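Keeping their order, the protein sequence lines are chains A and B. Using this note's numbering, the letters of the first sequence map in sequence onto residues 12 to 367. Using this note's numbering, the letters of the second sequence map in sequence onto residues 501 to 891. Contents: one structure, followed by commentary.
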Amino acid sequence: MTEIKDAQRLEELRRKHGRLAPDLSAAAEPSPNDDVRSRQPRFCGLESGHRACQGCGEALGARLVSETAGPDVMLSNATGCLEVFTTPYPQSAWRVPFVHSLFENAAAVASGMEAALKAKGKRTKVIAQGGDGGTYDIGFQALSGMLERYHNVLYVCYDNEAYMNTGIQRSGSTPHAASTTTSPAGQERMGKRHLKKDLLSIIAAHHVPYAASASVAFPVDVRRKVRRAMDVEGPTFLAIHSPCPLGWGHDGALTIQIARLAVECGLYPMVEFERGEVVSVMPIRDPKPVTEYLKVQNRYRHLFNDKDPRAREEREHLQALADFNIARYNLKGVGEDVMDTDGLDTVRRGGPVQVM
Amino acid sequence: MLEALEGSMAIAKAVTRCRPEVVAAYPITPQTHIVENISKLVADGQLKTELVSVESEFSAASVVLGAAAAGARAYTASSSQGILLMAEVLFNISGMRIPMVLTCANRAIGAPINIWNDQSDSMAVRDSGWIQIYCADNQEAVDSTIQAYRITERTELPVMVCMDGFVLTHTYEPVDIPDQDLVDSYLPPFEFKRALDPMNPKSLGTMVGPDFFPEIRHSHHQAMVRSMSEIEAADADWQNLTGRQCGGLLSVDGPEDADLGILCIGSAINTLHAAREEHPELRPAKLIKLRCYRPFPAAALCEACRGLKDLVVVERAFSPGLGGIIGTEVRAALAAGDGPMPRIVNYTIGLGGRDIPIELYPQLIESLDSAHDGAFKIFDVELEKLAEEDR
Chain A
12 MTEIKDAQRL EELRRKHGRL APDLSAAAEP SPNDDVRSRQ PRFCGLESGH RACQGCGEAL
72 GARLVSETAG PDVMLSNATG CLEVFTTPYP QSAWRVPFVH SLFENAAAVA SGMEAALKAK
132 GKRTKVIAQG GDGGTYDIGF QALSGMLERY HNVLYVCYDN EAYMNTGIQR SGSTPHAAST
192 TTSPAGQERM GKRHLKKDLL SIIAAHHVPY AASASVAFPV DVRRKVRRAM DVEGPTFLAI
252 HSPCPLGWGH DGALTIQIAR LAVECGLYPM VEFERGEVVS VMPIRDPKPV TEYLKVQNRY
312 RHLFNDKDPR AREEREHLQA LADFNIARYN LKGVGEDVMD TDGLDTVRRG GPVQVM
Chain B
501 MLEALEGSMA IAKAVTRCRP EVVAAYPITP QTHIVENISK LVADGQLKTE LVSVESEFSA
561 ASVVLGAAAA GARAYTASSS QGILLMAEVL FNISGMRIPM VLTCANRAIG APINIWNDQS
621 DSMAVRDSGW IQIYCADNQE AVDSTIQAYR ITERTELPVM VCMDGFVLTH TYEPVDIPDQ
681 DLVDSYLPPF EFKRALDPMN PKSLGTMVGP DFFPEIRHSH HQAMVRSMSE IEAADADWQN
741 LTGRQCGGLL SVDGPEDADL GILCIGSAIN TLHAAREEHP ELRPAKLIKL RCYRPFPAAA
801 LCEACRGLKD LVVVERAFSP GLGGIIGTEV RAALAAGDGP MPRIVNYTIG LGGRDIPIEL
861 YPQLIESLDS AHDGAFKIFD VELEKLAEED R
């Protein structure tokens, strides 16, 4: 057997994967501007070069969160795509301290990290993150415990509405009627029979200081919500709707458009809770019919079979769910608003805001 | 100075002396008194630590994982079902080579539900990659807990200190809780080299493929094997400081020329001591106390068994369909050694809290008249309680 030295092996792998070791000689002399905080405005927590699919909503969401939260954070990551595509040993795409333990304990590990920092008198913020499987389902107990114990942790759920890492199985977050590999559409079934769990309301019922939903379609809004949560001394929660081109069955180039449609039709309401009460919503300027959102995704393809009378019925169910969300959170915009779905989507480059 | 303390209180005080920065607490009989006592010490200001009262053992283990990864000295305790619920995290902690100490108050596993002592719980996680140390009495439990921090922080292998539930945890014994200064001199502050730190960001718990996985497992195994010297040194240094020692990896007591050995782990060894004293007319026996079960001290065991004709392995757990767990491992270790093999008889005694009375000892010795090499049975089973077809 040939004995391969670790360093050699590392070099070999780096060459193979196109990631050569950085030249550290230039960085040997510490500069006075080299402290972590002075680098914050240009900070990038999640580097490029990781192995996410093209158009991955979760990768985009995680980059937005980490660059907004800044370098003085520690991450506790649940098992899932994010952990897998960012940390294939011996590589890591993270520029912040990162620990992945298990699928169901990101919130509990974060609780321990926060307790340790408290014991040491440090103010580094702990962020726990996971997908919807690790948050809505298997990690739900640990999350509830973390919120109840009032740990100073921001929990971010990248919600792509199924177990994508294992190959698109239904989760508690999968929307009604969506087809997954464990809720497939067929002669006897029209996709998932059950409703999407209303996790945000359950989180809000813990009366935590801040809990909100966001979407990768609105990066400015994601950043604002991360900053808001970072300012809170206590448990906060952010669900970021993150399309999965593979799991939802759409082109990778459509991620942002599809995420935007989910908000605009009312199926993924943008809501902020403080201490259990709704304090703010993102108004929808012109609510779209849910079919516009559904028809561009293969997971809803069975809802557009004209020969199947159940297809229309399910489309109506989904429209009713969207209408319910719009009524419940009063999402219908009144006139034009720079902070509504259209306003936030408008590119402005300096100068006063033009209200049309 | 000796104090009469309940085992659980003694552990709580020993843990206090170790200055843990984070303690995760979750109740389960018979471990509960440990976390209750720690909580009271925190409430009374005698222990400055971040006490996290979690919602399950799963989270208890996860909290101490996160705390230690962030560089804090961490402690938790559990039993039985709690150890099993933690199992996934226990493997994770050792796989990441995160130092910490956990007390296992040994208890049977259900079904049928049973809250009393045996060692099925810690045996179920023997392959988790944790160091396992078993305690014969409460003083050993106190001393081993303090030693465990030294061992874990030097080896980056987590340590499980196992003490028999109720038999030790709920028993009052005179115990010496060493002074804080003494413990401080023995146990320097915890400096975890791989701690999470924003100034020097590292990724822990990354995805390792077939390229590196066997190498990482190999290094873990090597670390376990090498930790034996650290475990012995921790006990030897402790003896220099306090005059007490716990028996290193294993200890042998009895006449030099005895050709009968009885090996056991945990508190039952003291019952055997008392029984041997009570029955001087019986065949002389060496009592072998196996203190360190993982790593398994095969070489020390071969040395201890040199010259034995008969060896009885007594344990408080077993593997259904196989027989004794420790007995099987002892046989394997002696077979690989260079000495002649003794006849090995393997008994499981005291399952689910069944008392191990002194009267059992003569029966144990007498059974050797008829037992064949490799025999295994649940020694104290009362077959007449079972239906004919189950006997």
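Idealized CB from N, CA, C, for every residue including glycine. Given the structure is predicted, the values throughout are model-derived calculations rather than measurements.
As assigned by DSSP and simplified to three states, the class of residue i
| i | result |
| --- | --- |
| D873 of chain B | coil |
| A139 of chain A | strand |
| A786 of chain B | The question names Ala, but residue 786 of chain B in the sequence shown is Lys. Looking at K786 of chain B - three-state DSSP - the assignment turns out to be strand. |
| F558 of chain B | helix |
| H111 of chain A | strand |
| D753 of chain B | strand |
| M241 of chain A | helix |
| N846 of chain B | strand |
| T191 of chain A | strand |
| F692 of chain B | coil |
| I511 of chain B | helix |
| A800 of chain B | helix |
| L9 of chain A | Since the first residue of chain A shown is 12 and the last is 367, residue 9 of chain A is not available in this structure. |
| C276 of chain A | coil |
| R776 of chain B | helix |
Residues near residue i in its chain [Cβ-Cβ closer than 7 angstroms; skip 5 each side]
| i | result |
| --- | --- |
| M367 of chain A | Because M367 of chain A carries a pLDDT of 49, less than 50, the predicted location of this residue cannot be relied on, and the following value inherits that uncertainty. Cβ within range, chain order: E347. |
| G183 of chain A | Y147, D148, K208 |
| R519 of chain B | R573 |
| S212 of chain A | none |
| D17 of chain A | none |
| L883 of chain B | R891 |
| L7 of chain A | Nothing about residue 7 of chain A can be read from this structure; chain A reaches only from 12 to 367. |
| A514 of chain B | V642, T645, I646, I677 |
| D353 of chain A | R296 |
| L687 of chain B | C518, I646, Y649, R650 |
| Q51 of chain A | Below a pLDDT of 50, predicted positions are generally treated as unreliable, and Q51 of chain A, at 47, falls in that range; no measurement from the model is reported. |
| I856 of chain B | A768, T771, I849, G850 |
From the options, residue whose alpha carbon lies closest to that of residue i
| i | options | result |
| --- | --- | --- |
| D676 of chain B | B:A504, B:D735, B:F558 | B:A504 |
| E22 of chain A | A:G197, A:P101, A:E78 | A:P101 |
| F114 of chain A | A:G132, A:N88, A:V137, A:R20 | A:N88 |
| K809 of chain B | B:L696, B:L565, B:L868, B:T652 | B:L868 |
| L206 of chain A | A:A189, A:D317, A:M157 | A:A189 |
| R286 of chain A | A:G245, A:L355, A:G344, A:C276 | A:G245 |
| R816 of chain B | B:L760, B:P714, B:G665, B:V708 | B:G665 |
| G761 of chain B | B:G807, B:A836, B:I534 | B:G807 |
| P698 of chain B | A:T352, A:Q65, A:S77, A:C64 | A:S77 |
| T742 of chain B | B:I716, B:E640, B:V661, B:Y649 | B:E640 |
| G142 of chain A | A:N163, A:S122, A:H111 | A:H111 |
| R20 of chain A | B:R843, B:D753, B:F712, B:E781 | B:F712 |
Short Cβ contact (7 angstroms threshold) for residue i with residue j
| i | j | result |
| --- | --- | --- |
| L547 of chain B | T516 of chain B | yes |
| A379 of chain A | A222 of chain A | The shown model of chain A, from 12 to 367, leaves out residue 379 of chain A, and the question about it has no answer. |
| I825 of chain B | M623 of chain B | yes |
| I894 of chain B | F879 of chain B | Here chain B has residues from 501 to 891 only, and residue 894 of chain B is not among them. |
| S103 of chain A | S703 of chain B | yes |
| T603 of chain B | I511 of chain B | yes |
| P701 of chain B | V107 of chain A | yes |
| L329 of chain A | I295 of chain A | no |
| G68 of chain A | I179 of chain A | no |
| P256 of chain A | G60 of chain A | no |
| S253 of chain A | G72 of chain A | yes |
| A567 of chain B | A126 of chain A | yes |
| V237 of chain A | T97 of chain A | no |
beta-carbon residue i near the ligand GTP non-hydrogen atom, thresh 6 angstroms
| i | result |
| --- | --- |
| G245 of chain A | Looking for the ligand GTP in the displayed structure turns up nothing, as the structure carries no ligands at all. |
Residues near residue i by beta carbon distance below 8 angstroms, same chain, minus five either side
| i | result |
| --- | --- |
| S594 of chain B | S628, G629, W630, L657, P658, H720 |
| V445 of chain A | Here chain A comprises residues numbered 12 to 367, so residue 445 of chain A is not present and cannot be evaluated. |
| W738 of chain B | D643, I646, Q647, Y686, R744, Q745, C746 |
| L278 of chain A | P186, V301, Y304, L329, L332, A333, N336 |
Own chain, CB closer than 6 angstroms to residue i, minus 5 neighbours either side, in chain order
| i | result |
| --- | --- |
| E324 of chain A | none |
| F284 of chain A | A215, A222 |
| T177 of chain A | none |
Residue i at chain E interface by Cβ criterion, 7 angstroms
| i | result |
| --- | --- |
| K136 of chain A | The structure shown contains no chain E; its protein chains are A and B. |
For the region 203-259 of chain A, list the alpha helix (DSSP H) runs that are entirely contained and at least 4 residues long, ordered along the chain. Within the region 203-259 of chain A, the complete alpha helix (DSSP H) runs of at least 4 residues are 210-215, 230-241, 256-259.
Restricting to runs no shorter than 4 residues, where is the alpha helix (DSSP H) found entirely within the region 702-774 of chain B? 713-742
Identify every run of the alpha helix (DSSP H) within the region 558-635 of chain B, keeping only runs that are complete inside it and at least 4 residues long; order them along the chain. 580-595, 620-624
Those runs of the beta strand (DSSP E) which lie wholly inside the region 652-685 of chain B and span at least 3 residues: Counting whole runs of 3 or more residues, the region 652-685 of chain B contains the beta strand (DSSP E) stretches 659-664, 672-676.
Every unbroken beta strand (DSSP E) inside the region 143-186 of chain A [3 residues or more]: Runs of the beta strand (DSSP E) lying entirely within the region 143-186 of chain A, each at least 3 residues long, are 164-170 in chain order.
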